[in-house]
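**Q**
Protein chains in written order, with our numbering: chain A, 34 to 494; chain B, 576 to 686.
#1: Let's see if you can read the secondary structure: which residues bound the alpha helix (DSSP H) around residue 599/B?
#2: Below 8 Å CB to CB, which residues in the same chain sit around residue 87/A once its five sequence neighbours on both sides are set aside?
#3: What residue does the alpha helix (DSSP H) around residue 388/A start on, and which one ends it?
#4: Spell out a yes or no on whether the region 157 to 176 of chain A and the region 128 to 145 of chain A are touching, meaning 3 or more CB-CB pairs, one atom from each, closer than 8 Å.
#5: With DSSP collapsed to three states, give me the class of residue 305/A.
#6: Between 406/A, 89/A, 379/A, 343/A, which lies nearest to residue 282/A when the distance is taken from Cα to Cα?
#7: Grab me the residues of residue 610/B's own chain with a C-beta within less than 7 Å of its C-beta, minus the 5 sequence neighbours each way, in chain order.
#8: Ignore the nearest five residues each way along the sequence and tell me which others in residue 353/A's own chain have a CB closer than 7 Å to its CB.
#9: Strictly under 7 Å for the Cβ-Cβ distance: is residue 277/A near chain B by that measure?
#10: Cutting at 6 Å between CB atoms, please list the residues of its own chain near residue 372/A, excluding the five before and the five after it.
#11: Going along chain A, which residues have a C-beta under 7 Å from residue 619/B?
#12: Smallest Cα separation from residue 161/A: which of 41/A, 138/A, 395/A, 384/A?
#13: For a contact meaning CB atoms closer than 8 Å, what does residue 156/A contact in chain B?
#14: Among 79/A, 184/A, 55/A, 209/A, which one has its Cα closest to the Cα of residue 628/B?
#15: Could you tell me whether the Cβ atoms of residue 247/A and residue 333/A are closer together than 7 Å?
#16: Quick check: the Cα distance between residue 69/A and residue 398/A, rounded to an integer number of angstroms?
#17: Whole angstroms is fine: what's the gap from residue 420/A's alpha carbon to residue 140/A's?
#18: If you measure between the beta carbons of residue 92/A and residue 153/A, is that distance less than 7 Å?
#19: When you compare only the Cα positions, how much space is there between residue 310/A and residue 482/A?
#20: 7 Å is my cut-off, CB to CB: does residue 601/B come that close to chain A?
#21: With a cut-off of 7 Å, does the C-beta of residue 613/B fall near any C-beta of chain A?
#22: In this structure, does DSSP put residue 577/B in helix, strand or coil?
#23: Quick one, which of 356/A, 335/A, 474/A has its alpha-carbon nearest residue 430/A's?
#24: By a C-beta neighbour count over all protein chains shown, 10 Å radius and 16 as the cutoff for buried, is residue 323/A buried or exposed?
#25: Are the C-beta of residue 667/B and some C-beta of chain A separated by less than 7 Å?
#26: Along the chain, where does the alpha helix (DSSP H) containing residue 495/A start, and where does it finish?
#27: Can you pull the chain B neighbours of residue 179/A, defined as C-beta to C-beta under 7 Å?
#28: Put residue 376/A into one of helix, strand or coil per three-state DSSP.
#29: State the DSSP-derived secondary structure class of residue 460/A, mapped to helix, strand or coil.
#30: With a threshold of 8 Å on Cβ separation, who are the neighbours of residue 409/A within its own chain once the five nearest residues in sequence on each side are excluded?
#31: Identify which residue in 388/A, 317/A, 237/A, 163/A has its Cα closest to the Cα of residue 190/A.
#32: Alpha helix (DSSP H) containing residue 433/A: first to last residue?
#33: What residues from chain A crowd round residue 643/B, counting only those whose CB sits closer than 8 Å?
#34: For residue 617/B, does the three-state DSSP call read helix, strand or coil?
#35: Indicate whether at least one CB of chain B lies closer than 7 Å to the CB of residue 241/A.
#36: With 7 Å set as the bound, which would you pick, yes or no: does the beta-carbon of residue 163/A sit closer than that to a beta-carbon of chain C?
Put into structure tokens, the structure is as follows:
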């Protein structure tokens, strides 16, 4: 509750900042302070302190998991703005507008982590995606950015239509928008209309898959991630995606047992398709940005494992995976922004030009690939053990590991270019301290790779 | 009138919208088709709402059943309005750069 109210207020305040305050640096600092206030407000709710004590009539339900996810995603946004602030300022004369959009997205995030009603799911998804359409088209004079924005917008609203039809069918079958999985129709007291319920759930499933860019609904992802300004791609691929995943798990993970058996078949198909498409096409990409877009599809395939069934470590697995993946992706995009072009060749000989930057890039890539001692290893490990505990076949685990091995190929192409290829790296001018900020991120990943419990303990206290 | 008629009617409207999105080339028309999809859903929600309300009123008592679907409709209308404002802004931005709103133009990112 606190997070929803405070983030909206901060968004409005940020909007007016572009009016009176001309310095980009000051605007960035205001955004950072705002994010800190947001984190404090959210943690305060965990300790029972509320800005407004309002009865939401069961529309929103706040639990430890949702609030802690909020805290983590706000902290990730803080890191993101802290590193990318200068780059955001380059895109507009009034970067405060973008910061205010971030706050509105965070409002959507906090709705998505706490909804208990399909109406709030719809509202949260829309609050999350509408600012993203704007951010995608932020580079107004750039044709690619325009194209990506229009594509994302048309596809996004199309999937919203599908989502709404799904919700309507579920309502028609159950007589309620609450997610409590009633056995009988809430209004008539008769048994539910099974055909309509299944149709609704499948439509809802398709729309949510679209939002998290899982195959076969992934086709917008590479184009949009490629066309959008790189800073905002980094935001879309991390924080927005993690929030969509938490919403997905909220809807399907614990509720709607109606699909039970057929549900796992559907999910298995989607997971396999996502892993296959993401990993195989990523191998053939020549642009690093596009490769990262496909790799984000592949990582979504791994995160989908959390949906397989609700066990005691599902929450831990999805949180750890989302955080570790987000940190590594923010890091690798932050390096990519400073390159003059997006090709693999631009990384040639980076280890000689800037050894520290080459080292942190290697850590980010190792983490994405899931090499031990980096956070990515434990993230994948937790995810797979959650999968086994949920009762999936071992063959699925083996397929996942094989695809993780394939992913090493395309991640290590960059490492190989940095350390073994000769040539001039296309590294642009770096601001002061930039490499040290990234080093801090890399150290965070390494710490999480040894002590993942540092992150997970707070889930219970 | 039985609810089936409404379901089939709304699904027809929705399908017209889907087909329009997939086949039309003009960005504005694609956009109108998306609106058509949303309105088909609105109509279906109102039909369900009325159905549930009628069912629970059969024994004479005044009932609030089904009212939440109509509230949902208002939310959909508000969100659709917000989407229109963003969507038209994006289309105008694209028109300024390419002097066309043909969706076929959207293939530069492919290669």
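Glycine is no exception: its CB is placed at the ideal position from the N, C-alpha and C atoms.
**A** In short, the structure shows the following:
#1: From DSSP, residue 599/B is part of no alpha helix (DSSP H); its letter is neither H nor E.
#2: Closer than 8 Å at the Cβ level, and outside the excluded window around residue 87/A, lie 34.
#3: Here the alpha helix (DSSP H) through residue 388/A covers 388 to 402.
#4: Segments in contact, yes.
#5: In the displayed model, residue 305/A falls within a helix according to three-state DSSP.
#6: The option with the nearest alpha carbon to residue 282/A is 343/A.
#7: Cβ within range, chain order: 655.
#8: Excluding positions up to five away in sequence, the list reads 411, 412, 415, 485, 488, 489.
#9: With 7 Å as the cut-off, residue 277/A does not count as an interface residue toward chain B.
#10: Here the set comprises 379, 459.
#11: Under the 7 Å cutoff, chain A gives 201.
#12: Minimum Cα distance to residue 161/A is reached at 138/A.
#13: For residue 156/A, the neighbours in chain B by C-beta distance under 8 Å run, in chain order, 650, 654.
#14: If we check each option's Cα against that of residue 628/B, 209/A comes out closest.
#15: In this structure, residue 333/A lies closer than 7 Å to residue 247/A by Cβ.
#16: Between the alpha carbons of residue 69/A and residue 398/A lies a distance of about 29 Å.
#17: Distance between the alpha carbons of residue 420/A and residue 140/A: 31 Å.
#18: Closer than 7 Å, so yes.
#19: Answer to the nearest angstrom: the Cα atoms are 28 Å apart.
#20: For residue 601/B, the answer is no, since every Cβ of chain A falls outside 7 Å of its Cβ.
#21: So yes, residue 613/B belongs to the interface.
#22: Of the three classes helix, strand and coil, the one that applies to residue 577/B here is coil, per DSSP.
#23: Closest option to residue 430/A, Cα to Cα, is 335/A.
#24: With a 10 Å radius around the Cβ and a threshold of 16 neighbouring Cβ atoms, residue 323/A comes out buried.
#25: Output row for residue 667/B: interface = no.
#26: Past the edges of chain A, shown from 34 to 494, lies residue 495/A, and the structure says nothing about it.
#27: Think of a sphere of 7 Å around the beta carbon of residue 179/A: the chain B residues whose beta carbon falls inside it are 668, 669, 672, in chain order.
#28: When DSSP states are grouped into helix, strand and coil, residue 376/A belongs to the strand group.
#29: In the structure shown, residue 460/A sits in a strand (DSSP, three-state: E or B).
#30: Within the same chain, Cβ atoms closer than 8 Å to the Cβ of residue 409/A are found at 357, 358, 361, 399, 400, 401, 402, 403, 478, 482, the five residues on either side in sequence being excluded.
#31: Among 388/A, 317/A, 237/A, 163/A, the Cα nearest to that of residue 190/A is on 163/A.
#32: For residue 433/A, the enclosing alpha helix (DSSP H) begins and ends at 427 to 452.
#33: The contacting residues are 152, 209, 210.
#34: In the structure shown, residue 617/B sits in a helix (DSSP, three-state: H, G or I).
#35: Interface flag for residue 241/A against chain B is unset, since no Cβ pair is found closer than 7 Å.
#36: Given the protein chain composition of this structure (A and B), no chain C is represented.
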